[in-house]
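Asks: The sequence shown begins at 0 in numbering that gives the first Met the number 0 and counts up by one.
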Amino acid sequence: MHLFILFQKPFSLRTLLVIGILSTIALGSLAVRAEDSSTTTTQVNRSHWYRGALHTHSLWSDGNAYPEVVVKWYKDHDYQFVAMTDHNSVPNQTVWSNANRGGLNALLTYADQCGDWVEQRTGESGVSIRLRTMDEYRSRFEESGKFMLLPGMEITDSYAGHAVHVNGINLVKTITRRRGDSPRDVIQNNVTAIRDQESTSGQPMLAQYCHPLMDSTASADDIARVVGLDTLEIYNGNPTGGTLNNGPQDASENLWDRVLTQRLSSLNLPVVYGVGVDDAHDYQTFPSPHGNPGRGALMVRANSLNPLAIIQAIKCGNSYTTSGVKLRDVRCVNDQITVKINAEEGVQYTTRFIGTTRDYQTQLGEASLMGRTLATSTGAVATYNFTGNELYVRARIDSTKLKENGAVAGETETAWTQPMLPHQVTSDPDIMAVSCWTEY
Ligand SMILES: [Zn+2]
Ligand SMILES: [Zn+2]
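(1) Pick out every residue whose C-beta is nearer than 5 Å to a heavy atom of ligand 1: which are they, in chain order?
(2) Within 10 Å of its beta-carbon, does ASP195 have 16 or more other beta-carbons around it, so buried, or fewer, so exposed?
(3) Near ligand 2, which residues have their beta-carbon less than 5 Å from any of its heavy atoms, given in chain order?
(4) Starting from the Cα of ARG273, find the closest Cα among GLY293, LEU205, ASP214 and THR216 and give me that residue.
(5) Would you say ILE310 and ILE396 are within 8 Å of each other, going by their C-beta atoms?
(6) Let me confirm a value: PRO288 is counted as buried when at least 16 other C-beta atoms fall within 10 Å, else exposed. Which label applies?
(7) Within the present structure, is the beta-carbon of THR199 separated from the nearest heavy atom of ligand 4 by less than 7 Å?
(8) Tell me the residue span of the alpha helix (DSSP H) that contains GLN187.
(9) Quick one: grab the DSSP three-state call for PRO418.
(10) Unbroken beta strand (DSSP E) runs of length 3 or more, entirely within the stretch 46-121: which are they?
(11) By Cβ distance, which residues of its chain are closer than 7 Å to SER96, with the 5 residues on each side in sequence left out?
(12) Tell me the residue span of the beta strand (DSSP E) that contains LYS400.
(13) Measuring only the C-alpha atoms, how far is LEU254 from HIS86?
(14) Beta-carbon separation of ASN237 and ASP278 under 8 Å?
(15) Consult DSSP for ILE174 and reduce its assignment to one of helix, strand or coil.
(16) So what's ASP317 in DSSP terms, helix, strand or just coil?
(17) Which one or two residues does DSSP pair with GLY354 in a beta bridge?
(18) Pull up the distance between the alpha-carbon of HIS161 and that of HIS54, whole angstroms please.
(19) So HIS281 and ASN267 are supposed to be a Cβ contact under 8 Å. How far apart are they, rounded?
(20) Can you name, in chain order, every residue of its own chain whose Cβ lies under 8 Å from the Cβ of ASN404, other than the five neighbours on each side?
(21) Determine the closest residue to VAL454 out of ASP115, GLY122, TYR234 and TRP415, with distance taken between C-alpha atoms.
(22) Tell me the residue span of the beta strand (DSSP E) that contains ASN384.
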């Protein structure tokens, strides 16, 4: 029976459940609230690695779960912060969503987890559920030092029919897509809109270019020239995202290297940091071709868990991307990079130091010289000594461990550090990358 028919009469959700239409749900479970005090997190010391999700969808757009269900998934899986980035709006308005959206399972899961928190009404088009705003559901999940939420949106723009998507993270209000006369123009205009809101509000924000290879017409050169761009998705766990971890150095990483090379060699623009994301849409079917949660994350090293500290740390390169490999430490002291892996028993690790040297040829035809492997080592600790001829060096750490529910078959767990530059000076032992490239 279709859910739409079920909700023709103005019964409350609880009544419907009681009369047995949704008989698979036990009545007692309705009162279960979403808080889960059993979530394990580590106490905050001076600095700490925080696991974050920077690209998620819910029923606020085309995800198939209510936002509280999305947040609970991440909190239950040892994430410490989540940015909600639904298409085209920050989750702070009054929105009624048809109860059919997301299917019956979405509603059952929501009822099971949130019980009488579910707000519904019946109108001519049937039953609708009000999507709770982040300000409403924050208090159900946030815990000081353990878990926080960031409001955001995916500005879903296009050029000549091709996707140009920019995530704005920690936004105050919705940004209307800005359009533009070229792919680069579209990215730039939306990034500028985020920067404008940031300066107007005084609230730190991130501007992130999404799935750069998905249906995009923007070239590495276009992306490289965008001013005010903080992050670029180098790993997108959504199989339709086109940025898969599908080789020793895949196309999205190669694009990142070309962006970094041009910015550091000729454009005099700061580093764009690489991030791993889920771009999750499907919280019901595992594995899913539409993107499950739990594939790509950003580990951020910060002194505390609050929006300012986390965003500042990301803007300063104090993070690494992972699809499973955990790092104990990454730092660059006296022109030596050290990567320490939190090695697992029986798993082998190969660390490749990848960078571009100053003598590369600037023509795009010489792209193979941008981001080439400069050194390789195995084991739980890897080091690289700058020669002084590098524009930047970053590390990619591959493991032999098969990734559970990876985005592609046979995927193995990997981690990616941020690019580091020669001649940086470390003043704080808790800071791994040393130069804050932005004014924040
Ligand atoms: Zn997108
Ligand atoms: Zn998305």
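Yeah, the Cβ is synthetic: ideal placement off N, Cα and C, and Gly gets one too.
Replies: In brief:
(1) Ordered along the chain, residues surrounding ligand 1 are HIS164 and CYS209 [Cβ under 5 Å from any heavy atom].
(2) Under a 10 Å Cβ-count criterion, ASP195 is classified as exposed, with fewer than 16 other Cβ atoms of the shown protein chains found around its own Cβ.
(3) Every residue whose Cβ sits closer than 5 Å to any heavy atom of ligand 2 is listed here in chain order: GLU153 and ASP278.
(4) Looking at the sequence provided, one finds Gly at residue 273 rather than Arg. Restricting attention to GLY293, LEU205, ASP214 and THR216, the CA atom closest to the CA of GLY273 is found in LEU205.
(5) Result no, Cβ atoms of ILE310 and ILE396 do not sit closer than 8 Å.
(6) Result: exposed.
(7) Among the ligands present in this structure, namely ligand 1 and ligand 2, ligand 4 is not found.
(8) GLN187 -> alpha helix (DSSP H) spans 182-200.
(9) The three-state secondary structure of PRO418, taken from DSSP, is coil.
(10) You should have 47-52, 80-83 and 94-97.
(11) Only LEU58, SER127, ILE128 and LEU130 meet the Cβ criterion.
(12) Counting along the chain, the beta strand (DSSP E) containing LYS400 begins and ends at 389-401.
(13) So the alpha carbons of these two residues sit roughly 24 Å apart.
(14) Result yes, Cβ atoms of ASN237 and ASP278 sit closer than 8 Å.
(15) In the structure shown, the three-state DSSP call for ILE174 is coil.
(16) Residue identity check: residue 317 is Asn in the sequence provided, not Asp. The DSSP-derived three-state label of ASN317 is coil.
(17) According to DSSP, which records beta bridges pairwise, GLY354 is partnered with ARG371 and VAL392.
(18) C-alpha separation (whole angstroms): 20 Å.
(19) Correcting the residue type first, residue 281 is Asp in the shown sequence and not His. Not confirmed; about 42 Å, so no contact.
(20) Same-chain partners within the cutoff: PHE285, PRO286, ASN291, GLY293 and ARG294.
(21) The chain is shown from 0 up to 439; residue 454 falls before or after that span and cannot be answered.
(22) Annotation for ASN384: the continuous beta strand (DSSP E) segment containing it runs 380-384.
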